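>
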Amino acid sequence: MWSSRVQEVPLPLRNGKFFRQKYPWGNLTTKGAQQARDLGAWLREHYVPQFSNPVGKVRLQEAPEKFISLRTTSFLRTNLTAWFLLEGLLESPDDVASIPFICREEKDENLYHNDEHCPRLWLKWEQAWVTIQKATTSDGMNWRERFQDMQAAMARELELNLDDPGFLLSMDGPGFPWITVLRPSNLQDTLECGRCHGDALPAGISVEKLTAVRTHLARDYAVTFQDRDVLQLSIGRLVRELKEALLDRVNTEAQSTSDRPSLFLYSGHDATIMPLSVALGLPWTEWPGYTSSICVELWRGADGEGGHAVRVLFDREEVALPISRDGSAPKKVLSFHEFLEIAEWSSLSETDFSSRCQDGAEIADTHE
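Take the sequence shown: its position 39, counting from 1, is numbered 277 in our numbering, and each next residue is one higher.
(1) Taking the C-alpha atoms as reference points, what is the distance between residue 244 and residue 267?
(2) In its own chain, which residues sit with a C-beta less than 7 angstroms from the C-beta of residue 497, not counting the 5 before and 5 after it?
(3) Comparing alpha-carbon positions, which option in 592, 313 and 353 lies nearest residue 340?
(4) In terms of residue numbering, what span does the alpha helix (DSSP H) encompassing residue 589 cover?
(5) Could you give the DSSP three-state label for residue 536: helix, strand or coil?
(6) Compute the Euclidean distance between the alpha carbons of residue 307 and residue 394, then round it to the nearest angstrom.
(7) Which first and last residues belong to the alpha helix (DSSP H) in which residue 547 is found?
(8) So, are the CB atoms of residue 359 and residue 471 less than 9 angstroms apart?
(9) Which residues in the same chain as residue 370 place their Cβ atom closer than 7 angstroms to its Cβ, once the five residues preceding and following it in sequence are excluded?
(10) For residue 446 and residue 368, what's the separation of their Cα atoms in angstroms?
(11) Do residue 559 and residue 570 have their C-beta atoms within less than 9 angstroms of each other?
(12) Starting from the C-beta of residue 422, find all residues in its chain whose C-beta is less than 6 angstroms away, skip the five residues before and the five after it, and write them out in chain order.
(13) Taking DSSP as the reference, what is the three-state secondary structure of residue 322?
(14) Using three-state DSSP, classify residue 557 as helix, strand or coil.
(15) Touching or not, the region 475-487 and the region 578-595, by the rule of three or more beta carbon pairs under 8 angstroms?
(16) Would you say residue 248 and residue 318 are within 9 angstroms of each other, going by their C-beta atoms?
(17) Could you round the C-beta distance between residue 311 and residue 474 to whole angstroms and report it? I think they count as a contact, below 8 angstroms.
(18) Comparing C-alpha positions only, which one of 584, 566, 583 and 531 sits nearest to residue 277?
(19) Quick check: the Cα distance between residue 522 and residue 510, rounded to an integer number of angstroms?
(20) Please state the DSSP three-state secondary structure of residue 370.
(21) From residue 467 to residue 300, what distance separates their C-alpha atoms?
(22) Would DSSP call residue 377 helix, strand or coil?
(23) By a C-beta neighbour count over all protein chains shown, 10 Å radius and 16 as the cutoff for buried, is residue 351 buried or exposed?
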């Protein structure tokens with residue numbers, strides 16, 4: 239059944255060297271492709287009219303590759319999502335094919351948690367999960383017990399032998415829900431994907447229970463990024479990139495012939511959305527659904543007023559962000575400098591990032 243749902247790869251992407259998911263439910267489906275087109279159409283409807291100056295309109299219509307900057311990851315799924323989003327945005331496969339798909343080397347990727355080349359981040363990440371594990375056990379909310387009634391139903395559905403020593407060894411340990419295991423399969427993702435395609439949940443598993451699991455996943459994943467060190471060494475690199483793009487746009491605005499892009503698109507993962515929401519000061523409260531999005535808008539002040547403003551949208555709805563982490567009242571429209579203050583908390587210079595990545599001495603002794 240799943241193979242019939244998988245989206246066909248467009249011809250221009252077929253020879254790309256992508257990471258391809260082993261299981262069909264890890265690939266983009268035809269429904270997912272349509273969701274991406276819908277998001278692209280929404281971007282066109284809400285943002286293209288805002289580029290009101292003649293130069294901007296000409297660049298979008300005649301040279302979309304100069305108007306749009308697109309970055310994605312090495313996963314086939316994120317490249318396909320980007321492709322179909324652009325189909326919805328540009329309404330022309332030929333225009334989509336003109337857009338460069340930028341993908342960085344794995345060691346430089348910042349669109350997901352990437353600790354393979356950053357020893358300090360690896361240590362801090364492991365340490366954060368140990369802390370959460372202890373807290374989960376000590377507060378009486380043992381996830382394994384709370385969701386244990388779902389275990390047999392999951393096992394039957396996925397034909398898993400729970401008595402297999404290899405399966406037991408793949409568990410995350412006491413205090414964590416067996417349902418979050420990534421080996422041999424990401425169980426909750428499997429069921430959630432099926433549910434989104436109209437499949438019935440297995441007997442013994444309710445929508446409410448599955449939602450509860452996704453809420454807990456979001457909560458605890460977000461907590462790991464509350465550690466400023468973890469935040470700066472992971473998604474902080476993407477935050478710095480966004481900040482620099484906005485600064486560059488503001489500083490070159492007077493140059494009408496500027497070849498800087500007006501629209502920056504990033505096709506990432508749910509593991510991009512979650513930490514980015516933490517960095518912005520408003521953690522996502524439930525695990526992101528398919529085609530979830532965060533939009534950062536840069537607005538120019540009205541004629542004669544000067545200045546710039548920033549507005550942020552989660553899943554196409556504006557949100558109020560705290561200007562600082564001292565309990566100040568959140569705002570839906572921030573001055574440009576207020577947004578830079580938010581971004582500063584989680585970002586590092588490239589030099590500081592490189593030096594701190596190799597500095598794990600003071601945390602090595604506490605790692606378990």
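Positions of the beta carbon are idealized from the N, C-alpha and C atoms, including for glycine.
None of the values given here were measured: they were computed from a predicted structure.
Let me lay it out:
(1) If you number the sequence shown from 1, residue 244 lands on position 6. If you number the sequence shown from 1, residue 267 lands on position 29. Roughly 4 angstroms between the two C-alpha positions.
(2) Numbered from its first residue, the sequence shown carries residue 497 at position 259. Hits under 7 angstroms: 304.
(3) Here residue 340 refers to the residue found at position 102 when the sequence shown is read from its first residue. Out of 592, 313 and 353, 313 has the C-alpha closest to the C-alpha of residue 340.
(4) In the sequence shown, the residue the question calls residue 589 occupies position 351. Where residue 589 is concerned, the enclosing alpha helix (DSSP H) stretches over 588-595.
(5) Working through the sequence shown from its first residue, we reach residue 536 at position 298. Strand, per DSSP.
(6) For the purposes of this step, residue 307 is taken as the residue at position 69 of the sequence shown. For the purposes of this step, residue 394 is taken as the residue at position 156 of the sequence shown. Rounded to the nearest angstrom, the two C-alpha atoms are 46 angstroms apart.
(7) Locating residue 547 in the sequence shown gives position 309, where the first residue counts as 1. Counting along the chain, no alpha helix (DSSP H) covers residue 547; the unbroken beta strand (DSSP E) around it starts and ends at 546-552.
(8) Working through the sequence shown from its first residue, we reach residue 359 at position 121. Working through the sequence shown from its first residue, we reach residue 471 at position 233. In this structure, residue 471 lies closer than 9 angstroms to residue 359 by Cβ.
(9) The count along the sequence shown starts at 1 and reaches residue 370 at position 132. Excluding positions up to five away in sequence, the list reads 458, 461 and 462.
(10) Here residue 446 corresponds to residue number 208 of the sequence shown, with the count starting at 1. Here residue 368 corresponds to residue number 130 of the sequence shown, with the count starting at 1. Approximately 28 angstroms between the Cα atoms of the pair.
(11) Within the sequence shown, residue 559 is the residue found at index 321, counting from 1. Within the sequence shown, residue 570 is the residue found at index 332, counting from 1. Yes, the Cβ-Cβ distance between residue 559 and residue 570 is below 9 angstroms.
(12) Locating residue 422 in the sequence shown gives position 184, counting from the first residue. At residue 422 the pLDDT is 28, less than 50, meaning the model places this residue with poor confidence and gives no usable figure here.
(13) The residue you call residue 322 lines up with position 84 of the sequence shown. DSSP places residue 322 in helix when its eight states are reduced to three.
(14) Working through the sequence shown from its first residue, we reach residue 557 at position 319. Three-state DSSP puts residue 557 in coil, outside helix and strand.
(15) yes
(16) For this step, residue 248 is matched to residue 10 along the sequence shown. For this step, residue 318 is matched to residue 80 along the sequence shown. Result yes, Cβ atoms of residue 248 and residue 318 sit closer than 9 angstroms.
(17) Position 73 of the sequence shown holds residue 311. Position 236 of the sequence shown holds residue 474. Contact doesn't hold; Cβ gap of about 17 angstroms is too wide.
(18) What you label residue 277 is simply residue 39 of the sequence shown in a count that begins at 1. Checking every option, the nearest Cα to that of residue 277 belongs to 531.
(19) Taking the sequence shown and counting its residues from 1, one reaches residue 522 at position 284. Taking the sequence shown and counting its residues from 1, one reaches residue 510 at position 272. Their backbone Cα atoms lie some 11 angstroms apart in a straight line.
(20) Along the sequence shown, one-based indexing puts residue 370 at 132. For residue 370, the three-state secondary structure derived from DSSP is helix.
(21) If you number the sequence shown from 1, residue 467 lands on position 229. If you number the sequence shown from 1, residue 300 lands on position 62. In this model, residue 467 and residue 300 are separated by some 44 angstroms (Cα to Cα).
(22) On the sequence shown, position 139 is the one that residue 377 refers to. With a pLDDT of only 41 at residue 377, under the threshold of 50, the placement of this residue in the model should not be trusted; the figure read from the coordinates follows. Reduced to three states, the DSSP call for residue 377 is coil.
(23) The residue labelled residue 351 in the question sits at position 113 within the sequence shown. With 16 or more Cβ atoms within 10 Å of its Cβ, residue 351 is classed as buried.
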